[in-house]
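Before any comments, here is the structure.
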Amino acid sequence: MKLIYHESTQIPLEEIHIHAHPANQDLAQSLTLNKQIKQLTLVNPVNNRQYLCPLHLIESFEANGHYCEVQLLDDRRLIFPQRLKQLTGLLDHRFCQINQSQWIQWQAIESFTVEKHARLQLISTSQRKYMVSRHYAKFIKERVYGQ
């Protein structure tokens, strides 16, 4: 399947036009759903309160059994009550997978260093350190140096 982009200054900045064949209607709807989801419902593990958290405030996700621990940029840890696998469609563009159970936001990466045995260590803007497995290190290096 091809994606064809047309740019025009006549279209307002807030609009994106999607034209699809009726057979591809499900794909077009999933694209619009991904655009509309800008926040997640997270649970505070201390008092079981629910919060609507915008995606740009999330630093990383870590899978932990049947739920995910979410690290926010303001040092809070909340819980997403579903598996990490259910978030993968949402996390494709803003987040990158750094090992089998962790995703980190691209904008939260401040720098990285090379550790022994060809492993990367990411340092976030909040000075947290994340280890990247060798399998995902190549993709991250290509993305960082490609931009």
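Count the sequence shown with full-length UniProt numbering and you get residues 1 to 147, in order. Heads up, the beta-carbon is just placed ideally off N, CA and C, and yes, glycines get one too.
Check                                                                                                      : Outcome
Nearest-angstrom Cα separation, counted from Gln-82 out to Gln-50                                          : 14 Å
Pair within 7 Å by beta-carbon distance, Ile-123 and Ser-133                                               : no
Distance between Ile-79 and Val-43 (C-alpha atoms, nearest Å)                                              : 5 Å
Three-state class that DSSP yields for Asn-24 in the structure shown                                       : helix
Proximity below 7 Å, CB of Glu-142 to CB of Gln-105                                                        : no
Unbroken beta strand (DSSP E) run spanning Ala-63, endpoints                                               : 58 to 64
Buried or exposed (CB count within 10 angstroms, at least 16 for buried), Ile-98                           : buried
One or two residues paired with Ile-109 in a DSSP bridge                                                   : Ser-124
Proximity winner among Thr-125, Ala-108, Arg-128 and Ser-101, relative to His-135 (alpha-carbon distances) : Ser-101
Buried or exposed by the 16-neighbour rule on C-beta atoms within 10 Å, applied to Phe-139                 : exposed
Through-space distance from Glu-69 to Cys-96, alpha-carbon basis                                           : 16 Å
Inter-residue spacing [alpha-carbon to alpha-carbon] between Arg-76 and Glu-7                              : 40 Å
Per-residue DSSP class, three states only, for Lys-129                                                     : strand
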